[in-house]
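With UniProt numbering applied, the sequence shown corresponds to residues 1 to 281, in that order.
The C-beta atom is built at its ideal place from N, Cα and C for all residues, glycine as well.
Here the structure is a predicted model, which is why all the values come from computation and not from measurement.
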Amino acid sequence: MNTSILPELRARLPGLSRAAARVARLAIAHPGDVARMTIGEIARAAEVSEPTVIRFCRALGLAGWPDLKVRLAASLMSGVPYVHSALRPDESVAGLTGKVFDNAVSALVRVRDALDPAAVESAIGLLARARRIEFYGVGNSGIVAADAQHKFFRFDLAVAAYSDSHVQAMAAALLGPADALVAISHSGRSRELLEAVGLARANGCPVIAITASGTPLAELAAPHLRADIQEDTALYSPMISRLAHLAIIDVLALGVALRRGDQASRVLEKTKKSLIGKRRP
Numbered sequence: 001m002n003t004s005i006l007p008e009l010r011a012r013l014p015g016l017s018r019a020a021a022r023v024a025r026l027a028i029a030h031p032g033d034v035a036r037m038t039i040g041e042i043a044r045a046a047e048v049s050e051p052t053v054i055r056f057c058r059a060l061g062l063a064g065w066p067d068l069k070v071r072l073a074a075s076l077m078s079g080v081p082y083v084h085s086a087l088r089p090d091e092s093v094a095g096l097t098g099k100v101f102d103n104a105v106s107a108l109v110r111v112r113d114a115l116d117p118a119a120v121e122s123a124i125g126l127l128a129r130a131r132r133i134e135f136y137g138v139g140n141s142g143i144v145a146a147d148a149q150h151k152f153f154r155f156d157l158a159v160a161a162y163s164d165s166h167v168q169a170m171a172a173a174l175l176g177p178a179d180a181l182v183a184i185s186h187s188g189r190s191r192e193l194l195e196a197v198g199l200a201r202a203n204g205c206p207v208i209a210i211t212a213s214g215t216p217l218a219e220l221a222a223p224h225l226r227a228d229i230q231e232d233t234a235l236y237s238p239m240i241s242r243l244a245h246l247a248i249i250d251v252l253a254l255g256v257a258l259r260r261g262d263q264a265s266r267v268l269e270k271t272k273k274s275l276i277g278k279r280r281p
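Pasting the structure below:
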């Protein structure tokens, strides 16, 4: 489904009532601003009543104004390119800030709603039982893998993160059924990462993938944690996909901490105490 509602609004404009058309024109002209408004604010800006705004949303097949706000925010979501396609050359700092945060919030909500609880449960179980956990990512995903290693090693687990394809291949060849590999990729099509995952699978190592649906990496993993983000990383500097991947890593880390119970609490307390002298009063 196309996440942008703006083309639909433009197509429906001729058939709308005069009042509803005012709401539609306002949303088309200023989707980012409108996505941050309350229903009362949009009614005043469009010079219509609040019930008119509600009827307008329902005419689009939405439950109400909150749903339309999410769709408008998603309409601006195309990543943060070196020159953002949703930004004007004269974009204000307030506009820039609003659009970046709106895009991120909308994407995180969509990824959260699409995550399969059973897949998350399975991933947490594998990680909690694993003798050794390794996180693989290439490029920007390598940064996410490093963040995951930083979170998990504090539970006193044997954890490593690799972003070099040669090291990934060598490390994957040593993994086995008692270990767990977490492969992170927005595209799910990196040849080097897929080769490393194949080596791990050949040794019977469980593979958890954080990637988009319908990708080669998703097909190799069990479980697959869906992170379907509309972000063209061939043209744009990845941002939203990275945030979604980091959020999923947080879910897994907290899930493992809960599984380990008091043991995790004691280990985390020790690591916190080790940093006391590192901070100025």
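- Ala227 and Thr211 do touch by the CB rule: their CB atoms are close to 6 Å apart, below 8 Å.
- The three-state reading of DSSP puts Arg226 in strand, counting E and B together.
- Counting along the chain, no beta strand (DSSP E) covers Ile240; the unbroken alpha helix (DSSP H) around it starts and ends at 240-260.
- For Ile210, DSSP records a beta bridge to Ile184, Leu225.
- The Cβ atoms of Leu175 and Asn203 sit closer than 8 Å to each other.
- If you ignore the 5 residues before and after Ser106, its C-beta comes within less than 7 Å of the C-beta of Val70, Ala73, Ala74, Met77, all in its own chain and listed in chain order.
- Under the three-state reduction of DSSP output, Glu47 falls in the coil class, being neither helix nor strand.
- A distance below 8 Å between beta-carbons, with the five flanking residues on each side excluded, links Leu62 to the following residues of its chain, in chain order: Leu68, Arg71.
- Ala200 and Leu181 do touch by the CB rule: their CB atoms are close to 5 Å apart, below 8 Å.
- Within the same chain, and ignoring the five residues on either side of Ala27 in sequence, the residues whose Cβ sits closer than 7 Å to its Cβ are Leu9, Val34, Leu72.
- Of the candidates Ala171, Ile133, Arg189, Ile133 places its Cα closest to the Cα of Arg154.
- Per the C-alpha coordinates, the member of Arg25, Ala45, Ile143, Leu115 positioned closest to Asp164 is Ile143.
- Per DSSP, Val197 is one residue of the alpha helix (DSSP H) stretching across 191-202.
- It is roughly 29 Å from the alpha-carbon of Arg36 to the alpha-carbon of Asp116.
- Taking C-beta separations shorter than 7 Å and ignoring five residues to either side along the sequence, the partners of Leu16 in its chain run Ala24, following chain order.
- The region 188-199 makes no contact with the region 244-259; the number of CB pairs closer than 8 Å stays below 3.
- DSSP, read as helix, strand or coil, puts Val159 in strand.
- The C-beta of Arg110 has 16 or more other C-beta atoms within 10 Å across all chains shown, which makes the residue buried.
- For Val159 against Gln149, the beta-carbon gap comes to about 5 Å, under 8 Å, which counts as contact.
- Judged by beta-carbon spacing, Ala183 lies beyond the 8 Å limit of Ala161, meaning their Cβ atoms are not closer than that value.
- Per the coordinates, the alpha-carbon of Ala11 lies some 40 Å from the alpha-carbon of Ile249.
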